[in-house]
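Report on one structure; see the data block that follows.
There are 2 protein chains.
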Amino acid sequence: MVNTDKKQEIKIIPLGGLGEIGKNMYVIEDDKEIVIIDSGIKFPDSELFGIDYIIPNYSYLVENAHKIKGLFITHGHEDHIGGIPFLLKELQIPIYAGKLALGFIRSKLEEHRLLREATLYEITEEDTITFSSMEVSFFRTTHSIPDSFGIVVNTSMGNVVHTGDFKFDFTPIGPAPDLIRMGEIGRNGVLCLLSDSTNSEVPGISLSEKHIGNTIIDVVKKQEGRIIFATFASNVYRLQQVINASVLTNRKVFIAGRSMERAITLGRELGYIDAPDSTFISEFELRSLPSHEVTILCTGSQGEPFAALSRIASGRHRHIHIIPGDTVVFSSSPIPGNGLSVNRVINLLARAGADVIHHKLNDIHTSGHGAQEELKLMITLMKPKFFVPIHGEFRMQKMHRTLAIQCGVPEQNTYIIDNGDVLSITEGNDVAAVTGKVPANPVYIDGHGVGDIGRSVLNERKILAEHGMISVFLLRKDKVAFGKPQIISRGFVYVRQSEQLMDDIQTLVTSLVQAPLGKFELEKKIREALSGFIYEQIKRNPLIITRIIDLK
Amino acid sequence: MVNTDKKQEIKIIPLGGLGEIGKNMYVIEDDKEIVIIDSGIKFPDSELFGIDYIIPNYSYLVENAHKIKGLFITHGHEDHIGGIPFLLKELQIPIYAGKLALGFIRSKLEEHRLLREATLYEITEEDTITFSSMEVSFFRTTHSIPDSFGIVVNTSMGNVVHTGDFKFDFTPIGPAPDLIRMGEIGRNGVLCLLSDSTNSEVPGISLSEKHIGNTIIDVVKKQEGRIIFATFASNVYRLQQVINASVLTNRKVFIAGRSMERAITLGRELGYIDAPDSTFISEFELRSLPSHEVTILCTGSQGEPFAALSRIASGRHRHIHIIPGDTVVFSSSPIPGNGLSVNRVINLLARAGADVIHHKLNDIHTSGHGAQEELKLMITLMKPKFFVPIHGEFRMQKMHRTLAIQCGVPEQNTYIIDNGDVLSITEGNDVAAVTGKVPANPVYIDGHGVGDIGRSVLNERKILAEHGMISVFLLRKDKVAFGKPQIISRGFVYVRQSEQLMDDIQTLVTSLVQAPLGKFELEKKIREALSGFIYEQIKRNPLIITRIIDLK
Chain A
287 MVNTDKKQEI
297 KIIPLGGLGE
307 IGKNMYVIED
317 DKEIVIIDSG
327 IKFPDSELFG
337 IDYIIPNYSY
347 LVENAHKIKG
357 LFITHGHEDH
367 IGGIPFLLKE
377 LQIPIYAGKL
387 ALGFIRSKLE
397 EHRLLREATL
407 YEITEEDTIT
417 FSSMEVSFFR
427 TTHSIPDSFG
437 IVVNTSMGNV
447 VHTGDFKFDF
457 TPIGPAPDLI
467 RMGEIGRNGV
477 LCLLSDSTNS
487 EVPGISLSEK
497 HIGNTIIDVV
507 KKQEGRIIFA
517 TFASNVYRLQ
527 QVINASVLTN
537 RKVFIAGRSM
547 ERAITLGREL
557 GYIDAPDSTF
567 ISEFELRSLP
577 SHEVTILCTG
587 SQGEPFAALS
597 RIASGRHRHI
607 HIIPGDTVVF
617 SSSPIPGNGL
627 SVNRVINLLA
637 RAGADVIHHK
647 LNDIHTSGHG
657 AQEELKLMIT
667 LMKPKFFVPI
677 HGEFRMQKMH
687 RTLAIQCGVP
697 EQNTYIIDNG
707 DVLSITEGND
717 VAAVTGKVPA
727 NPVYIDGHGV
737 GDIGRSVLNE
747 RKILAEHGMI
757 SVFLLRKDKV
767 AFGKPQIISR
777 GFVYVRQSEQ
787 LMDDIQTLVT
797 SLVQAPLGKF
807 ELEKKIREAL
817 SGFIYEQIKR
827 NPLIITRIID
837 LK
Chain B
287 MVNTDKKQEI
297 KIIPLGGLGE
307 IGKNMYVIED
317 DKEIVIIDSG
327 IKFPDSELFG
337 IDYIIPNYSY
347 LVENAHKIKG
357 LFITHGHEDH
367 IGGIPFLLKE
377 LQIPIYAGKL
387 ALGFIRSKLE
397 EHRLLREATL
407 YEITEEDTIT
417 FSSMEVSFFR
427 TTHSIPDSFG
437 IVVNTSMGNV
447 VHTGDFKFDF
457 TPIGPAPDLI
467 RMGEIGRNGV
477 LCLLSDSTNS
487 EVPGISLSEK
497 HIGNTIIDVV
507 KKQEGRIIFA
517 TFASNVYRLQ
527 QVINASVLTN
537 RKVFIAGRSM
547 ERAITLGREL
557 GYIDAPDSTF
567 ISEFELRSLP
577 SHEVTILCTG
587 SQGEPFAALS
597 RIASGRHRHI
607 HIIPGDTVVF
617 SSSPIPGNGL
627 SVNRVINLLA
637 RAGADVIHHK
647 LNDIHTSGHG
657 AQEELKLMIT
667 LMKPKFFVPI
677 HGEFRMQKMH
687 RTLAIQCGVP
697 EQNTYIIDNG
707 DVLSITEGND
717 VAAVTGKVPA
727 NPVYIDGHGV
737 GDIGRSVLNE
747 RKILAEHGMI
757 SVFLLRKDKV
767 AFGKPQIISR
777 GFVYVRQSEQ
787 LMDDIQTLVT
797 SLVQAPLGKF
807 ELEKKIREAL
817 SGFIYEQIKR
827 NPLIITRIID
837 LK
């Protein structure tokens, strides 16, 4: 029995960004068309040995390539645009983004030599992009980067609203969040709201960027030496505020770090940063100007080992060395997992003689993500029928759901879903439901390899990392050892300080290889005996590799 | 010209605990005698692959063993007593400690089968231990463990005071800090003060333990389900407060985690924990009692993967599984570096259905270390001539020095020194000075190995962790390859998904081994060519091992 009278249905499928912070990617789909929102990367934690980035699994998109109308970008942060080069290597998709995000995307695609084939469209809050069954429009929000948008996907069943990352900054540096437009969207009816959960556990309301600007001016005014100011390059408003404070106090600005140079150049080109050429100085002027006339604006506020600030702290920077009187300002708070790196850099800077001002000591940073009252404001403006907390770990999703319920969304209309879940909204049904699962496992990128590393390789790396390895290589002829077994270790012990142990291992293996066993049987026997012996001796479990070659 | 009229001199030598948090160990020395204060361990950060603990280098003590009179323990935390078994394996030293610390030390020595040979003395604040040239006495402080002492070493040149870890808790759970005795010590004159810098960057004054007790009662009263309370086992006062809150609300207490069981047993034996037997329940009662009558007290508040709480969160605990209505309380704040692990456990607990209350949300934890006003109070009581900030990273030492200067210690009398520095105070000299350096490198412990791992082994582990390894074995006869080269990789790529790459590597090596070079020359050539090729192909740098065997 075939149901020919098919009901209308739309699907919302997160491919990344749920149960985690990073690699955001959301699919909105109806019978005919697919719209994608964001294409981010995520940075690995310390247990993902050697992994450079993580991206979502794109296979659902590849399979449904014919339905895809476009990729829509909420804003220009890496966890929203960083995956684009990897996606474009698999699929040709037109990309729609605001001016600044588009600037970052262009420079990224250029680096990957993908710019020429890419189809890029600049969008503003005035635009509506119309496809055959869907329509996409935008509303202006505030976040820690200019040109941040929420996205409205108008489907045959109603509006699906994706907030992007947002806060409500009523005294922003750039344009204010467009509350009136948001109210209109709410009045017209929101079928489903997908909203940023990052700071759902933070009570109250976030500090305004302008408040930080005042702190920056206070700090800069007080210093008689150089100011070394570290922050995120993409936070163009913050850069503008540092430049303003410098101009106000007759300081010139030296830019350190490639991504900082790129952001300043792009920000000035596109009109987001307003500063005369004479504000910026070269390394020659840096050397000749008196300290109280110098601001250094640099990357590395998260303690990244190759960023400008780490190199300055450890004396490895070509142009900048700490001198007495330098004050280093961390205008950021450490992302969980970066605490130790930041700490190391702060100690190095202090040892080198700098004063260090960081987040704990001053109102020198504010989050780009709204706290609880801001999240409630968004829910109250949008009055959604269904609510899906996105952008966040489970605990944040859960708290965000609680906020939604407090704002009047019925509990059964809130959905904490996972990457890969297919949330279906079907005509005539009062509730949405998870009706399927698409592949959404993390895909690891190491160097130029995409997806050639998974759990088993990572498990080997973990053992190698913690215990090192020993390899045993043996020649035999007619099952009789030919020469002595070759034993090589790496990452295991100081061989010189452990001569006895290495001798014992050699003796053990030499005795084992007397047994006239088959090749694989003997290899297994050596691995087991060696593993037991080493654990008994020094309580370690190195990776053991054996290879026997039977000469003919 | 020999100076026979030798001036008096004392030396203060930190062997661990400066420029870091952990492995505290301080030497106070005069011509005749040495007194040691504390013998701690430190836990490794994620870059010390496979290392279990770090201890100080004991070689200075071994060389000067004849002068050592005793090891004096300020309190029973691992970073003050954890190194004792390793120290006693090298040296026979009598140990003096307060009752609770001694309890922890005994159980530690028993585990290492060292208890029988050890000489242990229990001390109180009434005692003075007299040697021929030095005298050691104690003053009571407050900290996050009972029986915490400051130590006064009376030398021929004056008193050297070591604060241990301390805060000033005026409403403590146990006895109050002995301010009157501290004032007396100050009045009698302090030559040099060594003081705890851990929280020197924190303004104000720390919360009292009693305040936390009130929060605990509030939290426990509100819950209708089970309470799962995670904290440090050694914080016996906190345990008492949880027990009190449970008794008050008619809950019974189940203890989870071996170190928690040990702490409760020891605490009750020694009279630090006051609770009738009927307070504690077995796993059978745990199953039968209604949820609102159950408190579970467990280890794992730092997200330690093998502690009770992690096992509960991931469903691996034998007796405890999360059920709806459970509330998990983290009564701790994450030590830097543990943030990600704690986060992971919180998300698992939330997914399993528990409500989670943690440090960010409530006054559910307080530090055991004094904040700025408390540090200033100590300096003001002691009025030291010389000041050495101890227990802390450089940034904390630096800030503590600033506080001392604010309290009237002349800047030139403050010394930020490093592990291994010999700070000499000489008769007739107005200032102290660093006059030498003794070995104070970190000693790594991995499994049963002490000191058999150093930089080079760790560097190999780092490469193995991030890129994996490839080994090439080859047989030759008369410089002609005999069979094909054997290539084995681990932690490198999914071999099945990278057949082309592995084939190319095989082809490359096979062509290289045609060259009739000497064994070592060819090994080097293979390593270089392979490393270049792999980097060019996939931008990775695996560890490459080559071994050529020339058959005779």
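Chains as they are written, first to last, in the numbering used here: chain A, 287 to 838; chain B, 287 to 838. We put the beta carbon where it would ideally sit given N, CA and C, even for glycine.
Asked, Found
"For a cutoff of 8 Å on Cβ pairs, would you count residue 439 (chain A) as touching chain B?", "no"
"Within 8 Å of any Cβ in chain B, is that where the Cβ of residue 752 (chain A) sits?", "yes"
"In the DSSP output, which residue or residues are listed as bridge partners for residue 382 (chain A)?", "A:358, A:407"
"On the CB-based measure, 16 or more other CB atoms within 10 Å of its CB, does residue 675 (chain A) come out buried or exposed?", "buried"
"Between the Cα of residue 732 (chain A) and the Cα atoms of A:560, A:322, A:328, A:296, which residue gives the shortest distance?", "A:328"
"Nearest by alpha-carbon distance to residue 770 (chain B): which of B:782, B:797, B:601 is it?", "B:797"
"Would you mind telling me which residues of chain A sit closer than 7 Å to residue 366 (chain B), beta carbon to beta carbon, in chain order?", "Going along chain A, no residue has its Cβ under 7 Å from residue 366 (chain B), so there is no contact; the nearest lies around 22 Å."
"Are the beta-carbon atoms belonging to residue 755 (chain A) and residue 755 (chain B) less than 8 Å from one another?", "yes"
"Distance cutoff 8 Å, beta carbons only. Does residue 747 (chain B) sit that close to anything in chain A?", "yes"
"Take the Cβ of residue 719 (chain B) as the centre, count every other Cβ of all protein chains shown within 10 Å, and call the residue buried at 16 or more, exposed below.", "exposed"
"Just to confirm my understanding: we take residue 305 (chain A), look at its own chain, exclude 5 residues before and 5 after, and list those with CB closer than 7 Å. What are they?", "679, 680, 704, 705"
"Could you work out which residue in A:576, A:581, A:519, A:528 is closest to residue 540 (chain A) when comparing CA atoms only?", "A:581"
"Please determine, among B:691, B:447, B:702, the residue with the shortest C-alpha to C-alpha distance to residue 683 (chain B).", "B:702"
"Measuring only the C-alpha atoms, how far is residue 363 (chain B) from residue 520 (chain B)?", "7 Å"
"For residue 448 (chain B), does the three-state DSSP call read helix, strand or coil?", "strand"
"Of the choices B:498, B:518, B:426, B:526, whose alpha-carbon is the least far from that of residue 595 (chain B)?", "B:518"
"Show which residues of chain B have a CB atom less than 8 Å away from the CB atom of residue 771 (chain A).", "By Cβ distance, chain B contributes nothing, its closest Cβ being about 11 Å from residue 771 (chain A), past 8 Å."
"Assess contact between the region 596-607 of chain B and the region 547-555 of chain B, defined as three or more Cβ pairs (one per stretch) separated by less than 8 Å. Is contact present?", "no"
"For the alpha helix (DSSP H) holding residue 790 (chain A), just list the boundary residues, first then last.", "785-798"
"How big is the Cα-Cα spacing for residue 450 (chain B) and residue 637 (chain A)?", "24 Å"
"Residues in its own chain within less than 7 Å of residue 309 (chain A) by CB, not counting five upstream and five downstream?", "302, 303, 326, 327, 328, 340, 341, 342, 365, 369"
"Could you check how far apart the C-beta atoms of residue 654 (chain A) and residue 429 (chain A) are, in whole angstroms? I think they sit under 8 Å.", "5 Å"
"Taking the C-alpha atoms as reference points, what is the distance between residue 558 (chain B) and residue 513 (chain B)?", "23 Å"
"Can you check which of these residues, A:613, A:525, A:749, is closest to residue 335 (chain A) by C-alpha distance?", "A:749"
"Enumerate, from N- to C-terminal direction, the unbroken beta strand (DSSP E) stretches of 3 or more residues contained entirely within the region 515-577 of chain A.", "538-542"
"Do the CB positions of residue 394 (chain B) and residue 367 (chain B) come within less than 8 Å of each other?", "yes"
"In chain order, what residues of the same chain have a beta carbon less than 6 Å from the beta carbon of residue 695 (chain B), not counting five sequence neighbours either side?", "673"
"Check distances from the C-beta atoms of the region 823-835 of chain B to those of chain A and list, in chain order, the residues that come in under 9 Å.", "823, 824, 825, 826, 827, 829, 831, 833, 835"
"Report yes if the CB atom of residue 761 (chain B) is closer than 8 Å to the CB atom of residue 837 (chain B), and no otherwise.", "yes"
"For the region 517-534 of chain B, which residues have a beta carbon sitting closer than 7 Å to at least one beta carbon of chain A?", "none"
"Return the first residue and the last residue of the beta strand (DSSP E) that residue 652 (chain B) is part of.", "Here residue 652 (chain B) belongs to no beta strand (DSSP E), and DSSP marks it neither H nor E."
"What residues of chain A sit near residue 743 (chain B), judged by a beta carbon separation below 8 Å?", "754, 777, 778, 779, 780"
"Residues of chain B with CB closer than 9 Å to the CB of residue 761 (chain A), please, in chain order.", "761, 835, 837"
"Using a beta-carbon distance below 8 Å, is residue 619 (chain A) in contact with chain B?", "no"
"Ordered along the chain, which non-local residues of its own chain (more than five positions away) have a Cβ less than 6 Å from that of residue 772 (chain A)?", "759"
"For a test of the three-state rule: what should DSSP assign to residue 768 (chain B), helix, strand or coil?", "coil"
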